[in-house]
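**Student:** Okay, handing you the structure first.
Protein chains: 4
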Amino acid sequence: MKKEKSTRRKEQGEATKKKIYDNALRLFVEHGVDNVTIDDIVTAVGIARGTFYVHFESKDALISALLSSRAVIVDADYEAFLKTLPEDMSSCDVLVALVGKICDVIKDDIGYETIKTIYKVQLTSAPAAQDASGYDRAVYRLLADVLEKGVAQGEFRALLPVEELSNHLVLALRGLTYEWCMRYPNFNFEEQALEHFKLLLDGIKAKGKD
Amino acid sequence: MKKEKSTRRKEQGEATKKKIYDNALRLFVEHGVDNVTIDDIVTAVGIARGTFYVHFESKDALISALLSSRAVIVDADYEAFLKTLPEDMSSCDVLVALVGKICDVIKDDIGYETIKTIYKVQLTSAPAAQDASGYDRAVYRLLADVLEKGVAQGEFRALLPVEELSNHLVLALRGLTYEWCMRYPNFNFEEQALEHFKLLLDGIKAKGKD
Amino acid sequence: MKKEKSTRRKEQGEATKKKIYDNALRLFVEHGVDNVTIDDIVTAVGIARGTFYVHFESKDALISALLSSRAVIVDADYEAFLKTLPEDMSSCDVLVALVGKICDVIKDDIGYETIKTIYKVQLTSAPAAQDASGYDRAVYRLLADVLEKGVAQGEFRALLPVEELSNHLVLALRGLTYEWCMRYPNFNFEEQALEHFKLLLDGIKAKGKD
Amino acid sequence: MKKEKSTRRKEQGEATKKKIYDNALRLFVEHGVDNVTIDDIVTAVGIARGTFYVHFESKDALISALLSSRAVIVDADYEAFLKTLPEDMSSCDVLVALVGKICDVIKDDIGYETIKTIYKVQLTSAPAAQDASGYDRAVYRLLADVLEKGVAQGEFRALLPVEELSNHLVLALRGLTYEWCMRYPNFNFEEQALEHFKLLLDGIKAKGKD
DNA sequence: CATGAATGAGCCTTCATTCAT
DNA sequence: TATGAATGAAGGCTCATTCAT
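Protein chains in written order, with my numbering: chain A, 1 to 210; chain B, 1001 to 1210; chain C, 2001 to 2210; chain D, 3001 to 3210.
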C-alpha cells in the first residue's frame, strides 16, 4: 500500500525529470549549452527554479546525463537501420548506406545545434570524455561487424584489425560532422560524406575487387 | 611636431595591442577562452581595464582576430616545410610527410589545449566561422597543389577536382585532430594520422600505380 | 483497539521527535546552527523532509526547544554536584568548587562548539532571549543559596542583595566562557576561572574573615 | 598632472568604499549581519550591486574589515579619555572611571546591535578571531598600564602579573557586555559594570589600603 | 504520522562593458 | 591613448517551507 503510493509519486517525479531532460535538450540544441540558463529550462518546463535542483545536482550534471543517454537512442536507431538492408548487399554498400543513414540522423534527428553542443561539451569537460567515447561505442561495434563480414568475404583487405578500421571510419565521420558544423549551412553533409567514404573505402577494399 | 607625437603614440598603441594579443592568446590557451576574463588579460598585460576596449571592440572581436592571425603563422610553417622536401618525392609521400608535419605542429607548437580552444571557438561563434574557414585556406591550397602535381604525374586519379580532394584531406585531418582531443592523451596522433591517410590516399591513388 | 494504535503511534512520533532533537543538537554543535540545514537533519535522522515539520513548526522552534531543554539537564547536574560537597565547607570554597564543576561541565559535557552555538543563538534571536535567561535561572538560585548561607554565617559582606551578587557571579562565568570560546584552545578555562573568582570572591568576602 | 587625476579618482573610490563601509555597519547594527544582504547595502549607499565588489572582495571581507577598523577608533577613544583624568587620581578610581567610559562607548557609540554583531562574528569566524583578540589589544595595554601604576604605588597587590590581571578585567567587561546584550534593554550597563568592578577591584586591592 | 516532490524568494558573485577624466 | 570606478544584467545555487497523497 505504502509502496503503491510511493510509486505514484516517484513516477510523477520521474515525469518531471524527463520533462526537464527533454526541454533542456531542445533548448541546448536550439541555442547552445552556454546560452541556455536554468531559468530558461524551468520556464520551458513550467516548473519552479528549485525543482530543477530537486532532479539534477547542477547544470553540468544535466549536461552529462544528456550526453550519455542520447547515445543509446541513436545507436539503437543505427542498428535498426542495418537490419532493414538486404542480406546480400556488399559490405561496402552497407557501409555507404549506413553512412548515409548516419548523416540523416545527425542532420534531421539530432540536428545542427545539438551536434555542435555535443562536440563542444566533449571538448570542454574532461570527465564527460568517457561518455564521449561511450557515445559511439555501439557504432564502433556496428561498423566493426560490417567490416568483419566484408573481410570474411574477401571484400576488404585485412591490413588492419577490424576494430582499428572501424575507429578510422568513426574518425572520418567525426571529421565530416565537424566540417558540417563549421560550414553550416553551406555544406552538403550527405554528399560530402559519401564522397569521402568512397575514397576511404577504396583504400580498404581489396584491389582486385574494384 | 604634432605628427611625430601622433606617430609615437600610435606606435605605443600598437605595442599595447600586441601585448594584449599575446597575453590573451597565452591565457586562452592555458585556461580556455571561457575561463579567461578581460580582467585576467589586462592584469597579465599590466594595463587598465578600459584600455582593452581602446584596442578591441569586444572580447569576441579579440578572439576572432586571434584565430585568423594564428592561421597565418601555421600555414607559413607548412609551406616552409614543403620546400624542404626533395623535388622528386612522390606526391603521395609528400602528402604523408606533410601530414606528419602537421601532426607535429599541432601536437608540439599549438598544443592540446589551444587546439581544443580553437575547435571550441569555431563551434561556438557563428561569425567566427569565416575565420575558421580562412584558418585553413592556405593549407587547402597547399594540399591542392601537391594533389595537382600528383594528378599531373598520373599518381592520383582525377575522379574529383583537386580542390574537392584537398577538402577531403583537410576534413580527415580535422577528424583526426578532434579524435586526438577527445582521446587525449591516449591517442597516438601521428601514428593514427599516417594510418588513416594511407587508407585515404589508397582510395585516391590510381589503381595500377599501387 | 483504536486507542492502542493511537498510543503506539504517539510513542512512535515521540521517538521520531527525540531523534530529530538529538541529531539536530549534534549537528548544530558540530557545524554551527547556520550551517546545518533541515535537510542535513532529516538525512541524519533518516526521515523525510516533511516529517520534520510534523514535529517542529520551524527551524527556529527547534532551536528554541533545544536551548531550554539543554538548561534543565545542566542545572540538575549542578544541583546534584552541590549535594556531594561536605556540609561544613565554607561558602567560599563551595562556590569555588561549583565554578570548577561548571567549567568541567562546559568543557567536557557541553563542549566548545555547543557553547559557541548557544551563545551565538542567544545573540541572534531576540525571542529566544527568554530561554536564555531561563537557561541559567536555576544556576542563579543555586548560587544565591550558597551566597545566602555565606552571608548568614558572616563569611560574606551583605553589601548587595544575594540575588544581585549571584547575578554578578553568573555574569563573570559568562565572561569567562565567552573568553574561552574566543581564545580556544589557548585558554585554560578552569585555571582562569578559579583565578578570576578568587579575585571576585575576595571582593565579596568580609575583610576581617580573610 | 596624471597623478592629480589619479588622485581625484582614487579619492572618489575611497569615498564610495567608506560609504559602503558606514552603511554596512549601520545596517549590520540595525538588523544583524545575517539579515543584511549585499543588496540592502548597495541600495542604502545608492550604488550598483557590482560596485560593492569593486571595493570588497566579498561580504565576509567587508565584515572582517569592519571589525578590525572599529577597534582602532574605540581604542584611541579610550586612550584619549584616560588622558583627561587628573594625574593624582588613584588607580582604582581611574579604572572605575575607565570602565564607566567603556560602558558609555559601548552603549552610545557602538550600540547594542553592533556589539551583538561583533560578538556574534567573533564566535562565528575562526579566522576573524585574531581580529577579535586584536580588537581589544590596546585596551589590554591600557588597563595593564593603570594596574602597573597601582601596583607600583602599593594600591594593588601584585598577586598576579599585571598582564594577567588586565586579562581578567577585560574578561569581566566581556561578561558584562554579553549580559547587557542578552538582557537588553532591561540591564543598566553602567550601573552593573561599576558594581561588578567594585567587587573585582576589591579583590585586587591591598587589604590594608581599604 | 510520514512522505518527498515542488516551491520561489533570496543570496552571493561574475563579468563584459561604459564613461568621465 | 589610457584609466579604473561604476554598472547591472545574468547566472548558478540554497533552503525553509508547503501540500497532496
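Ideal Cβ positions, reconstructed from N, Cα and C, are used throughout, including at glycine.
(1) Within its chain, find whatever has a CB closer than 8 angstroms to the CB of residue 1003 of chain B; leave out the 5 residues flanking it on each side and keep chain order.
(2) State the DSSP-derived secondary structure class of residue 168 of chain A, mapped to helix, strand or coil.
(3) In whole angstroms, what is the alpha-carbon distance linking residue 205 of chain A and residue 62 of chain A?
(4) Considering just the uninterrupted stretch of the alpha helix (DSSP H) at residue 37 of chain A, what are its terminal residues?
(5) Could you check whether the region 40-49 of chain A touches the region 12-23 of chain A, counting it as contact only if at least three pairs of C-beta atoms, one from each stretch, sit closer than 8 angstroms?
(6) Please report the residue range of the alpha helix (DSSP H) in which residue 204 of chain A lies.
(7) What does the alpha-carbon distance come out to for the pair residue 3135 of chain D and residue 3077 of chain D?
(8) Using a Cβ-Cβ distance under 8 angstroms, would residue 3179 of chain D count as near chain C?
(9) What's the C-alpha gap between residue 10 of chain A and residue 51 of chain A?
(10) Looking only at its chain, what residues have a beta carbon closer than 6 angstroms to the beta carbon of residue 3130 of chain D, apart from the 5 residues adjacent to it on each side?
(11) Chain B partners of residue 39 of chain A, CB-CB under 8 angstroms?
(12) With DSSP as the reference, label residue 1156 of chain B as helix, strand or coil.
(13) Taking the alpha-carbon positions, what's the residue 2107 of chain C to residue 2175 of chain C distance?
(14) Below 8 angstroms on C-beta distance, what does residue 1202 of chain B contact in chain A?
(15) Strictly under 8 angstroms for the Cβ-Cβ distance: is residue 2168 of chain C near chain D by that measure?
(16) Is it a yes or a no for the region 80-91 of chain A touching the region 31-38 of chain A, going by three-plus beta-carbon pairs under 8 angstroms?
(17) Where does residue 56 of chain A fall in DSSP's three states?
(18) Quick check on the DSSP output: the alpha helix (DSSP H) that includes residue 94 of chain A runs from which residue to which?
(19) Chain C partners of residue 3158 of chain D, CB-CB under 7 angstroms?
(20) So that I know if they touch, is there some Cβ in chain C lying closer than 8 angstroms to that of residue 3174 of chain D?
(21) What is the C-beta distance between residue 2199 of chain C and residue 3196 of chain D, in whole angstroms, given that I count them as a contact (C-beta under 8 angstroms)?
(22) Closer than 8 angstroms, CB to CB, is residue 2093 of chain C near chain D or not?
(23) For residue 59 of chain A, collect the residues of the same chain with a Cβ closer than 7 angstroms to its Cβ; drop the 5 residues on either side in sequence, then sort them by chain order.
(24) Is there a C-beta anywhere in chain A that falls below 8 angstroms from the one on residue 1055 of chain B?
(25) Just the C-alpha distance for residue 191 of chain A and residue 110 of chain A, rounded to the nearest angstrom, thanks.
(26) Which residue wins for smallest C-alpha separation from residue 1033 of chain B, given the options B:1113, B:1094 and B:1055?
(27) If we cut at 8 angstroms on Cβ distances, does residue 2031 of chain C have a partner in chain D?
(28) For residue 199 of chain A, decide whether its Cβ has a neighbour in chain B, counting only Cβ atoms nearer than 8 angstroms.
(29) Are at least three pairs of beta-carbons, each pair with one atom in the region 3179-3186 of chain D and one in the region 3142-3154 of chain D, less than 8 angstroms apart?
(30) Can you name the residues of chain D whose CB is closer than 8 angstroms to the CB of residue 2195 of chain C?
(31) So is residue 1107 of chain B in contact with chain A if we call contact Cβ pairs under 8 angstroms?
(32) Report yes or no: is there a C-beta of chain A within less than 8 angstroms of the C-beta of residue 991 of chain B?
(33) Less than 8 angstroms between CB atoms is the rule here; does residue 11 of chain A satisfy it with respect to chain B?
(34) Please determine, among B:1030, B:1090, B:1172 and B:1120, the residue with the shortest C-alpha to C-alpha distance to residue 1103 of chain B.
(35) Note down the Cα distance separating residue 1120 of chain B from residue 149 of chain A, rounded to an integer number of angstroms.
(36) Taking 8 angstroms as the cut-off, decide whether the C-beta atoms of residue 3165 of chain D and residue 3096 of chain D are in contact.
**Tutor:** So, from the data block:
(1) Its pLDDT being 46, under 50, residue 1003 of chain B is placed unreliably in this model, and the coordinates cannot settle the point.
(2) helix
(3) 43 angstroms
(4) Taken as a continuous stretch (DSSP letters only), residue 37 of chain A belongs to no alpha helix (DSSP H), as it is neither H nor E.
(5) yes
(6) 189-204
(7) Reliability of the predicted coordinates at residue 3135 of chain D is poor, the pLDDT of 43 falling under 50, and the value obtained from them is presented with this limitation in mind. So the alpha carbons of these two residues sit roughly 13 angstroms apart.
(8) yes
(9) 14 angstroms
(10) Residue placement at residue 3130 of chain D is poorly supported in this model, since its pLDDT is 42, which falls under 50; the coordinates are not used for a value here.
(11) Those within 8 angstroms of residue 39 of chain A in chain B number zero; the least Cβ separation is about 19 angstroms.
(12) strand
(13) 15 angstroms
(14) 202, 203 and 204
(15) yes
(16) no
(17) coil
(18) 91-104
(19) Residues of chain C passing the Cβ test: none, with the nearest at roughly 13 angstroms.
(20) yes
(21) Contact flag wrong, Cβ pair sits at about 11 angstroms.
(22) no
(23) 38
(24) no
(25) 18 angstroms
(26) B:1113
(27) no
(28) yes
(29) no
(30) 3160, 3164 and 3168
(31) no
(32) Residue coverage of chain B in this structure runs from 1001 to 1210, which leaves residue 991 of chain B outside it and unanswerable.
(33) no
(34) B:1172
(35) 37 angstroms
(36) no
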